[in-house]
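What follows is a single structure, written as structure tokens, with notes after it.
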Amino acid sequence: MSIIIRIITGALQDADDDSYRRVVQVYLVLAAGAMVVGAAILVGSFVTDNLAPLQWTRHKRLTSGAAIIERIRERNLVTQRRRTRTVSIICFSALILLTIGSWVAYIWGAVTGHNS
């Protein structure tokens, strides 16, 4: 991911006569996105029990962790088995598509001479 960001910001900087104006905007959007994700995890940890272990200390995880893991395992493997399988297949398919896409991009760059 960082390589992609570096390529995008490099192209923006080159297109703008080595100005950092558009590059800073990219990093501001990334920082804002990180703040939104962090706030969502923080709020979610207070609302639901599924995210609460992210905020626990090591001692609390060791004492209460087994019960939480058993509850999550029960919910995912018994109650929502079909949904868990569908999500797993979708994530694996996305991983395969990203891998094949990266291979295609690399081979295209090697054949056309655009990877330097």
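Residue 226 in the working numbering sits at position 83 of the sequence shown, with consecutive numbering throughout.
Glycine residues also receive a C-beta, built at the ideal position from the N, C-alpha and C atoms.
Using the three-state DSSP reduction, which class does residue i fall into: helix, strand or coil?
| i | result |
| --- | --- |
| N285 | One cannot answer for residue 285 here, as it falls past the ends of the chain, which runs 144 to 259. |
| T200 | coil |
| Q223 | coil |
Roughly how many angstroms separate the alpha carbons of residue i and residue j, rounded to a whole number?
| i | j | result |
| --- | --- | --- |
| R214 | K203 | 16 Å |
| E217 | G208 | 14 Å |
| G176 | V169 | 11 Å |
| Q198 | T255 | 49 Å |
| A210 | D192 | 12 Å |
| D157 | I147 | 15 Å |
Does the distance from the CB of residue i to the CB of residue j come in under 9 Å?
| i | j | result |
| --- | --- | --- |
| V172 | T152 | no |
| T227 | L220 | yes |
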